[in-house]
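Let me begin by presenting the structure, written as structure tokens, before commenting on it.
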Amino acid sequence: MSSEEIVIDVQNLSKRYEIYATPRDRLKQLVLPNVYRAATRLGWMFGSKSDAPLPIYFREFWALQDVSFQVRKGETLGIVGRNGSGKSTLLQLICSTLAPTSGDVAVKGRVSALLELGSGFNPEYTGRENVFLNGQILGLSKKELEIRYDAIVEFADIGDFIDQPVKTYSSGMVVRLAFAVAINVDPEILVIDEALAVGDVGFQARCFAKISELKQHGVTLLFVSHSPDAVTQFCDRAILLDRGKLLLLGTPYQTIRAYNYLSNAGPTSLKDIRKEVIELTETENLTLANAAAHGTVLKNQSTEPVKNSNSPIEAYFDQQLHDSIKPMPFDQRGGEINNISVTDLAGQAVNVLTIHQEFILKFNVRFDAAFERVRFAWVLKTTTGLIIGGGSTHQPGSGISVNPSSSLQVISHFVNFFTPGNYLIDINVRGEIEQDNEFIHGVTNAIGIRSASYSLNFRNGIVDCLVAPTFKITSNNSCDVKQFVIQLEDGMPLH
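Per my numbering, the very first residue in the sequence shown carries number -7; after that it's consecutive.
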């Protein structure tokens, strides 16, 4: 649990780099401005004044610009952004491995950081020697490290390589050892910069389990990741950086949603998308995710009117649930998804679904360009943005061809195996042009559904399931009728 004590205070933080076209320009910048200053002073002495600006031989690059935020003790803050947005620069400034151009950073507590791969390690030293070297850099004495050494080696699990030079390690082995050291120095603030991305699945699972344990003990965590699930699951808040500026500070759900929106924007509309992300964050209607925070009826639980609590309810359409969702369509790149609905088998629109019953997700796609190997996909996620299942028509050799002005209807059958609660559905379409994979269109929060229990008194549990829908795609053009069925797991199709 986080407290009100501020352990990281970042105020108006900026970092500027000078980019030179040639080494000669760097030398000119070092010498000539001083010459001009001296000449200007001499000119003033002899009555000749000059207000000409000093010559500049470099191009400014602001890796970080006017960033401000605070982190409370015990809080986990996620940091997301596209490559080059300033995430690593921000962490290095917080860890004092870089000096800011302007602004202030105040950090209270022992910081343990996993920044660039192998940072803090001497590649010529053995793993054993680096454990003691890195541990002492992080503030432990040699005696303390001797006590913790066995636990570090056990967690790293690199076997006899512990006595081999680190320069012989794979990237995964370096991360194993670095993480094992970082978590065993009693950090008050743990900083992780995408380091876990190179570990294998088993090691990642152990790392995330350890992170959860550290969170329970009140350790503050700064976590950079491109994994929406990891940010949603582990972070209390998250910030979105873009081109060195803090674009958004909000819940993990809000930030990941905006990050996905920005990442899929076309290059010609990025400026407008940035403005739109800010405007949507400031003015959006209550969604399922933030409605609970405002104490409205749309919490992550069933809110059906109380009937006979011992009898099962039927699927129906809840207008309030429908109106609370604000879909976020991505930039169109040759097509558009529209007419999205969930129905029962009789074709009746529903959004409150009974458990263990079959339902149908339908949507149309209009194409403005020709594509090969078109694939359709949708995912189901919790109201916090955690993806729990979904399906895709992407299979080896699969996909269909479409012509400009064509239109397809996608019909996907699924069975509601979800524990009671509210969920959101995202949809996207991809295709190929001259073998280049293209994102055609997508809609985040396309539609919301609620899984209802047999009994209205059924208590909610933790979602632990997968969705395995089937797909049927038909053309709306009478001259170009297609049908495409994908069975995602063994067994007969549902339709």
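Quick reminder that beta carbons are idealized off the backbone N, C-alpha and C, glycines included.
In this text, all values refer to a predicted model and were calculated from it rather than measured experimentally.
- A residue is called buried once 16 or more other Cβ atoms fall within 10 Å of its Cβ, and His348, having fewer, is exposed.
- Under the 10 Å beta carbon count, Ile(-2) is surrounded by fewer than 16 other beta carbons and is classified as exposed.
- Here Lys373 is buried, its C-beta having at least 16 other C-beta atoms within 10 Å.
- Runs of the alpha helix (DSSP H) lying entirely within the stretch 7 to 94 and spanning at least 4 residues, in chain order: 15 to 37 and 79 to 86.
- The DSSP-derived three-state label of Gln427 is coil.
- In this structure, the alpha-carbon of Ala369 lies about 11 Å from that of Val435.
- Between Tyr251 and Met320, the CB-CB gap reaches or exceeds 7 Å.
- Contact between Arg422 and Arg367 holds, with the beta-carbon distance rounding to 5 Å and staying under 8 Å.
- Excluding residues up to 5 positions away in sequence, Leu46 lie with their Cβ nearer than 6 Å to the Cβ of Pro25 in the same chain.
- The beta-carbon separation of Gln3 and Asp155, rounded to 46 Å, does not stay under the 8 Å limit for a contact.
- Of the residues assessed, Tyr245 falls on the buried side of the cut-off, its CB having 16 or more other CB atoms within 10 angstroms.
- Here the alpha carbons of Asp178 and Asp185 stand approximately 19 Å from one another.
- Note: Asn330 is bridge-paired with Asn356 in the DSSP secondary-structure output.
- The Cβ-Cβ distance between Phe53 and Ile11 falls below 7 Å.
- DSSP places Ser217 outside any beta strand (DSSP E), giving it a letter other than H or E.
- In this structure Leu83 touches Val183 by the C-beta definition: roughly 5 Å separates them, less than 8 Å.
- For the pair Lys20 and Arg29, the Cα-to-Cα distance works out to about 14 Å.
- Taking 7 Å as the cut-off, the beta carbon of Val402 is found closer than this to the beta carbon of Phe355.
- DSSP places Gly381 within a strand segment (E or B) once states are collapsed to three.
- Beta-bridge partners assigned by DSSP to Glu180: none are found.
- At least 7 Å separates the beta-carbon of Val63 from that of Leu238.
- Taking the CA atoms as reference points, Asp264 sits about 43 Å from Ala172.
- Residue pairing by DSSP places Leu232 opposite Val72 and Leu240 in a beta bridge.
- Here Gly440 carries a strand assignment [DSSP, helix/strand/coil].
- Excluding five sequence positions before and after Thr93, the CB atoms of its chain that fall closer than 7 Å to its own CB belong to Ser6, Lys7 and Arg8, given in chain order.
- Shortest Cα-Cα distance from Tyr308 to any of Ile332, Ala341 and Ile317 involves Ala341.
- With contacts defined as CB atoms closer than 7 Å, Leu137 and Gly127 qualify as a contacting pair.
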